[in-house]
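Asker: A single structure is presented below for examination.
Numbering (the working numbering), first residue to last: 2 to 334.
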């Protein structure tokens, strides 16, 4: 665990600096539209308003799925050294509230269980780096490395010296290719990857697993569907103890399930997302709902709701309901 009694402000500023480096790719047609509008419109019109108008013009003109626009933009800027490409969402929720903080798991950690706050901050940083592109096996396919970090920060808990309660690290290597067939006029694609997820702890607090996954994407207009099944790589049934390393969480699939189903819909300047996972044998799983809305410039407001098991690795077998509000630096598309 990280204790930041006298460094919480500097650590918070560091996270914001990392956040500000995540840049969302733009579109060629958008640049052209901006140039044309700048000549014809009132010179006092702010660039943000021009961007809003031209984004709508480009959407109407091209009639492309919103998710396809994102992929096209990413390919155009894939090797730009000044651009970090988002992988999943990047967000900071300064305030989240849970109805059931996981206290029992910290029984061996002195005064933690009785002093954990139900209100804490949550953040996610996620980026990807292209490794091989340009028609490897199919047109517009690619191999990439992705990394996602999530943290749950007892930011308001002065009594415990404001520690990071849990941090999850998620590196992955994946292959993406668009598919040649359409369904109802919508585009399709598939990701195939290998990922590791760990909380970086030792002994009794250690949690980790490795998965091979596929992610099937369907996109049409301003909505997209994703079906992501996975297979957990076996690690044995021997539990980790103080004397011997073993499997940190052999029953994790009972709670985290074997797949994730997700839907994203973009309406005007708002984006709605919902994703859920389940294990049909144990009837355990989770649902997460997100809404992003415009604030200023690149900043987007973000509301998140979670209900179920496994919001974090330390909570994989712990059910809770959580609400959070903050900012996002990118949408799903």
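The C-beta atom is built at its ideal place from N, Cα and C for all residues, glycine as well. Please read all numbers here as calculations on a predicted model, not as lab measurements.
(1) Measuring CB to CB, does residue 94 end up less than 9 Å from residue 314?
(2) Helix, strand or coil: how does DSSP classify residue 116 here?
(3) What residue from 267, 135, 320 has the CA that sits closest to residue 286's CA?
(4) Flag this pair as touching only if the region 257–274 and the region 287–299 have three or more C-beta atom pairs under 8 Å; answer yes or no.
(5) Could you check the C-alpha separation between residue 141 and residue 134 for me, to the nearest Å?
(6) Have a look at 108, 104, 280 and flag the residue whose alpha-carbon is nearest the alpha-carbon of residue 231.
(7) Kindly indicate the opening and closing residues of the beta strand (DSSP E) around residue 156.
(8) Under the DSSP definition of a beta bridge, which residues are partnered with residue 233?
(9) In terms of DSSP beta bridges, what is residue 124 paired with?
(10) I'd like the span of the beta strand (DSSP E) that includes residue 292, first residue to last.
(11) Near residue 255, which residues of its chain fall below 7 Å by C-beta distance, leaving aside the five closest residues on each side in sequence?
(12) When you compare only the Cα positions, how much space is there between residue 97 and residue 137?
(13) For the putative contact between residue 221 and residue 185, defined by C-beta atoms under 8 Å, what is the C-beta separation to the nearest angstrom?
(14) In the structure shown, what three-state DSSP assignment does residue 56 receive?
(15) Which class does residue 202 belong to by DSSP, given the choice of helix, strand or coil?
(16) Determine the direct distance from the alpha carbon of residue 92 to that of residue 334, and round the result to whole angstroms.
(17) Shortest alpha-carbon distance to residue 100 belongs to which of 331, 317, 306?
(18) Under 6 Å Cβ to Cβ from residue 179, same chain only, skipping five residues before and after it: list those, please.
(19) Which residue from 223, 210, 265, 219 puts its Cα closest to that of residue 238?
(20) Tell me which residue opens and which closes the beta strand (DSSP E) that residue 105 is part of.
(21) Could you have a look at residue 85 and say whether DSSP puts it in helix, strand or coil?
(22) Assign residue 144 to one of three DSSP states: helix, strand, or coil.
Answerer: Reading off the structure:
(1) Looking up residue 94 in the chain shown gives position 93. Looking up residue 314 in the chain shown gives position 313. No, the pair does not count as a contact, with Cβ atoms beyond the cut-off.
(2) Start at 1 with the first residue of the chain shown, and residue 116 comes out as number 115. Note: residue 116 maps to helix in three-state DSSP.
(3) To locate residue 286, count along the chain shown from 1; it is residue 285. Of the listed residues, the one whose Cα sits closest to residue 286 is 320.
(4) yes
(5) Residue 141 sits at position 140 when you count from the first residue of the chain shown. Residue 134 sits at position 133 when you count from the first residue of the chain shown. Using only the alpha carbons, I get a separation of about 7 Å.
(6) As a first step, residue 231 must be located in the chain shown, where it is residue number 230. Nearest C-alpha to residue 231: 280.
(7) Position 155 of the chain shown, counting from 1, holds the residue named residue 156. Unbroken run through residue 156: none, as it is neither H nor E.
(8) As a position in the chain shown, residue 233 is number 232, starting the count at 1. 212, per the DSSP bridge assignment.
(9) Numbered from 1 along the chain shown, position 123 holds the residue referred to as residue 124. BP columns for residue 124 point to 93, 152.
(10) Here residue 292 corresponds to residue number 291 of the chain shown, with the count starting at 1. That run of the beta strand (DSSP E) goes 285–297.
(11) For the purposes of this step, residue 255 is identified with residue 254 of the chain shown, where counting begins at 1. Excluding sequence neighbours, residue 255 sits near 280, 283, 285.
(12) The residue you call residue 97 lines up with position 96 of the chain shown. The residue you call residue 137 lines up with position 136 of the chain shown. Going by the C-alpha atoms only, they are around 43 Å apart.
(13) For the purposes of this step, residue 221 is identified with residue 220 of the chain shown, where counting begins at 1. For the purposes of this step, residue 185 is identified with residue 184 of the chain shown, where counting begins at 1. Rounded, the Cβ-Cβ distance is 7 Å, consistent with contact.
(14) Residue numbering aside, residue 56 sits at position 55 when the chain shown is read from its first letter. Residue placement at residue 56 is poorly supported in this model, since its pLDDT is 48, which falls under 50; the coordinates still yield a value, given next. Three-state DSSP puts residue 56 in a helix.
(15) The residue labelled residue 202 in the question sits at position 201 within the chain shown. The answer is coil: DSSP assigns residue 202 none of H, G, I, E or B.
(16) What you label residue 334 is simply residue 333 of the chain shown in a count that begins at 1. What you label residue 92 is simply residue 91 of the chain shown in a count that begins at 1. C-alpha separation (whole angstroms): 14 Å.
(17) Within the chain shown, the letter at position 99 stands for residue 100. When only C-alpha atoms are compared, the closest one is 306.
(18) On the chain shown, position 178 is the one that residue 179 refers to. Cβ neighbours of residue 179 beyond the five flanking positions: 141, 190.
(19) In the chain shown, counting from the first residue as 1, residue 238 sits at position 237. The shortest C-alpha separation from residue 238 is found at 210.
(20) The residue given as residue 105 occupies position 104 in the chain shown. Element bounds for residue 105: n/a, residue is neither H nor E.
(21) Taking the chain shown and counting its residues from 1, one reaches residue 85 at position 84. Residue 85: strand per DSSP, three-state reduction.
(22) The residue you call residue 144 lines up with position 143 of the chain shown. Strand at residue 144.
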